[in-house]
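For the protein sequence lines, the chains are A and B, in the order given. According to this note's numbering, the residues represented by the first sequence are 102 to 226, in order. According to this note's numbering, the residues represented by the second sequence are 775 to 1290, in order. Even for Gly, the Cβ is constructed at its ideal location relative to N, Cα and C.
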Amino acid sequence: MNAPANLKYTKSDEWFDPATGAMGISDYAQSQLSDIVFVEILVEEGDTIEAGKAIASVESVKASAEIYAPAGGKVTAVNKGLSDKPETLNSDPYGAGWMVKVEGGAAGETLDSAAYEKHCEERSH
Amino acid sequence: MVNAASTAKHRPSTGSGPVPPLSAKIVEPTVFDLSSPGRIGVTMPDPDVPETTLPPRELLRSDLPLPELAEVDVVRHYMHLSSFNYSVDSGFYPLGSCTMKYNPKINEDTCRLPGFLHTHPLQPIETVQGNLLLMYTLQEWLKEIGGYAAVTLQPAAGAHGEFTGVLMMRAYHKSRGDTKRVKMIIPDSAHGTNPASVGMMGLQVVQVPSDERGNVDLKALEAACDNTVVGMMLTNPNTLGLFDENIEKVIELVHGCGGLMYGDGANLNALLGIVRPGDLGFDVMHFNLHKTFSVPHGGGGPGVGPVGVAARLADFLPEPLVGMIEEGDDDTAPLYGFLKPAKSIGRMKAFHGHFGGGFVRAFTYIAMHGPDGLKDISQYAVLNANYLLARLRDTYRVPFDRICMHEFVAEGRFEGSDVRALDIAKRLIDYNFHPPTNYFPLIVHEALMIEPTETENKDTLDAFTDALIKIAEEAKTQPDLLHNAPSTTRFGRMDEVKAARELVLCCGLPEDYSNQ
Chain A
102 MNAPANLKYT KSDEWFDPAT GAMGISDYAQ SQLSDIVFVE ILVEEGDTIE AGKAIASVES
162 VKASAEIYAP AGGKVTAVNK GLSDKPETLN SDPYGAGWMV KVEGGAAGET LDSAAYEKHC
222 EERSH
Chain B
775 MVNAASTAKH RPSTGSGPVP PLSAKIVEPT VFDLSSPGRI GVTMPDPDVP ETTLPPRELL
835 RSDLPLPELA EVDVVRHYMH LSSFNYSVDS GFYPLGSCTM KYNPKINEDT CRLPGFLHTH
895 PLQPIETVQG NLLLMYTLQE WLKEIGGYAA VTLQPAAGAH GEFTGVLMMR AYHKSRGDTK
955 RVKMIIPDSA HGTNPASVGM MGLQVVQVPS DERGNVDLKA LEAACDNTVV GMMLTNPNTL
1015 GLFDENIEKV IELVHGCGGL MYGDGANLNA LLGIVRPGDL GFDVMHFNLH KTFSVPHGGG
1075 GPGVGPVGVA ARLADFLPEP LVGMIEEGDD DTAPLYGFLK PAKSIGRMKA FHGHFGGGFV
1135 RAFTYIAMHG PDGLKDISQY AVLNANYLLA RLRDTYRVPF DRICMHEFVA EGRFEGSDVR
1195 ALDIAKRLID YNFHPPTNYF PLIVHEALMI EPTETENKDT LDAFTDALIK IAEEAKTQPD
1255 LLHNAPSTTR FGRMDEVKAA RELVLCCGLP EDYSNQ
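This is how it looks when you write it as structure tokens:
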């Protein structure tokens, strides 16, 4: 599994990039969900969100999941293309699969990549 | 609409060459494909009512493309289709959490008795006393089985029962002026319908994790309990098939903060005559007559989800309930009719619920078994599940491995193999078994959730475990057999991803109709 060192992670498998304000779901999350078939972003540009708020709803052939904001702030961009190409979350979760960008906000409770990898490892058994 | 002049391939008829075996992958034409103008199944009699003028021409349609077939063509078409199907009448159906028990055929006789079959819900009550007595008795029996003060038969299915129950819980708090309560506690092993029912009401879901023995994590529960809690929704035994070892403590914590306990009766088949949820302290519970009490289900319904409540919630039940409105004496039979609870949340369903399909069948089943028979049902259901668990635990990893109730959850994955639960499930079809529930509950990796029910004999259980053990061997030696399964069916592996991503809608989206 892949967890870039420049990102922060939540225990519920979201990532946050402090440099760009982008957020999405982790590689571990997409592999556990398997083929993602539906994405709905629940916030709009201009909204102010708090860390922990549901920002998206994702469905795979196995399960559906709420995605919670790893950081709060003002929403500056929403990845509108995802709903037409939900498979992007499987193929590029940290790149083209970003969901929402925020600015001026604070991260909630997050882990660094090493701690997050350990968290994932523990759950695989 | 399908055009009658279709290009679909027809099943070859005899005379035009050898007939392929049934297993050949032939598409059965639709009734529209089979239609031929002028072919009929019945001869309509001459009209015996006065002729009348038709409505204006623009209100009439002339393009109603009903298929035209002879009776024999219709019968053969549906016989072919039914042979594609797998049902509890054709084989073992261990679909966890669904209690796919065999449905006794005596139920089919009773629900077709003319007195039940030919009644209408708007008839005066004096003319349907038999129906009302049956509903009244069923309410009384469910009260006794669940340990409740009152029961409504209205809800149309389990999730509808949940919604009904949570409406009553909210109404109870509101009637006491306790308006801060907006949260419902739900464990991570819950059926997805629980948070969905709560969400429909605009309440918030607070999820609590399971501990390492599969019980509700008491520390997390304690932290979640405060004066904003409506209550907790809990399935016990839970979706891991485990009876919560701390159930009394769980209920004490929820009641301690002023919350109410909701019991999801999905797994009641493990408890009949052994434990009454009402006695444990569950204030509300729905029964699934279509699981526990042998009303046929699968294929989308119909379900029947009566709800039982403790005394403090009885005034909030949906109206109407069936009650005795005039006591009889030596010469006169009592009169049954409809009653309205004092603070009723209102009506949950048109008319009186699923009467013939649901109430009569469940009544028959309970009457036939009696109290001792119901207890046998649960004991055999639990015994069968533990027998399967004992035979499979050395081959399939069982993450919460202790004595189970009526079902258990194993992992469908093997060290060093790319075979997944879905592959195992599909391969079971080749062995002529319905697959177990897979990928639920979410807290188990590659979950295979197996519920045999009490109606299966040891030979069937052995054949099923033999197949699963053989499949585990195949996973190591010939994994492609699993990846490509099923190979013996009319259609092979369906592309579930494509089906979910590229929806073909038969009608428009809601916005297409907004201007009409």
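Following the continuous alpha helix (DSSP H) through H1251 (chain B), name the residue where it begins and the one where it ends.
Looking at the sequence itself, residue 1251 (chain B) is Thr, so the reference to His does not match. T1251 (chain B) -> alpha helix (DSSP H) spans 1232–1251.
Could you work out which residues of chain A lie near L1166 (chain B), taking near to mean beta carbons separated by less than 9 angstroms?
Residues of chain A passing the Cβ test: none, with the nearest at roughly 20 angstroms.
Taking one C-beta from the segment 864–883 of chain B and one from the segment 1196–1207 of chain B each time, how about it: are there three or more such pairs within less than 8 angstroms?
yes
DSSP on D847 (chain B), reduced to helix/strand/coil?
helix
Taking Cβ-Cβ distances shorter than 7 angstroms, what residues in chain A pair up with E842 (chain B)?
Going along chain A, no residue has its Cβ under 7 angstroms from E842 (chain B), so there is no contact; the nearest lies around 39 angstroms.
So that I know if they touch, is there some Cβ in chain B lying closer than 8 angstroms to that of K154 (chain A)?
no
Which residues bound the alpha helix (DSSP H) around P969 (chain B)?
967–974
Along the segment 187–206 of chain A, where does the CB come closer than 8 angstroms to a CB of chain B? Name the residues.
P187, E188
Do you know whose CA, among A:K163, A:V201, A:S225, A:T211, lies nearest L134 (chain A)'s CA?
A:K163
Return the CA-CA distance between L834 (chain B) and M974 (chain B), expressed in angstroms with no decimal places.
40 angstroms
Residues in the segment 1208–1239 of chain B having any Cβ partner in chain A nearer than 9 angstroms:
N1212, Y1213, F1214, L1216, H1219
Does the beta carbon of V144 (chain A) sit closer than 8 angstroms to a beta carbon anywhere in chain B?
no
If we call anything under 8 angstroms between Cβ atoms a contact, is K1149 (chain B) one with I1048 (chain B)?
yes
Residues near A779 (chain B) in its chain [Cβ-Cβ closer than 8 angstroms; skip 5 each side]
Residue confidence for A779 (chain B) is low, a pLDDT of 35 falling below 50, so the modelled location carries little weight; the figure read from the coordinates is stated next. So the list is empty, once near-sequence residues are dropped.
Which chain B residues are close to K163 (chain A), counting only those with a beta carbon under 8 angstroms from its beta carbon?
Y1213
Host alpha helix (DSSP H) of Y217 (chain A) (start-end):
214–224
Under 9 angstroms from the C-beta of D136 (chain A): neighbouring residues of chain B
E1270, V1271, A1274, R1275
Answer yes or no: do T1066 (chain B) and L1042 (chain B) have a C-beta to C-beta separation smaller than 8 angstroms?
yes
Nearest candidate by alpha-carbon position, reference W915 (chain B), set B:E845, B:G815, B:L1008, B:L1046
B:L1046
Please work out which residues of its chain come closer than 6 angstroms, Cβ to Cβ, to P1253 (chain B), disregarding the five sequence neighbours upstream and downstream, and give them in chain order.
V1193
Can you find the residues in the same chain that come closer than 6 angstroms, C-beta to C-beta, to R1135 (chain B), ignoring five residues on each side of it along the sequence?
N881, C885, V1069
What is the DSSP secondary structure of F1090 (chain B), reduced to helix, strand or coil?
helix
For P969 (chain B), I'd like the list of residues in its chain whose CB is within less than 6 angstroms of its CB, leaving aside the five on either flank, ordered along the chain.
I960, V979
Following the continuous alpha helix (DSSP H) through I1140 (chain B), name the residue where it begins and the one where it ends.
1135–1166
Which one of A:D128, A:K219, A:K186, A:G174 has the shortest CA to CA distance from Y195 (chain A)?
A:D128
Can you tell me whether P961 (chain B) is helix, strand or coil according to DSSP?
strand
Once DSSP output is grouped into helix, strand and coil, what is the label at F117 (chain A)?
strand
Are the beta-carbon atoms belonging to V138 (chain A) and E160 (chain A) less than 8 angstroms from one another?
yes
CA-to-CA distance, D837 (chain B) to K957 (chain B), given in whole angstroms
53 angstroms
Taking only the alpha-carbon atoms, compute the straight-line gap between D743 (chain B) and M1007 (chain B) and give it to the nearest angstrom.
This structure cannot speak to residue 743 (chain B), because chain B is shown only from 775 to 1290.
Using the rule of at least 16 other Cβ atoms within 10 Å of the residue's Cβ for burial, across every protein chain shown, is V1291 (chain B) buried or exposed?
With chain B covering 775 to 1290 only, the question about residue 1291 (chain B) has no answer from this structure.
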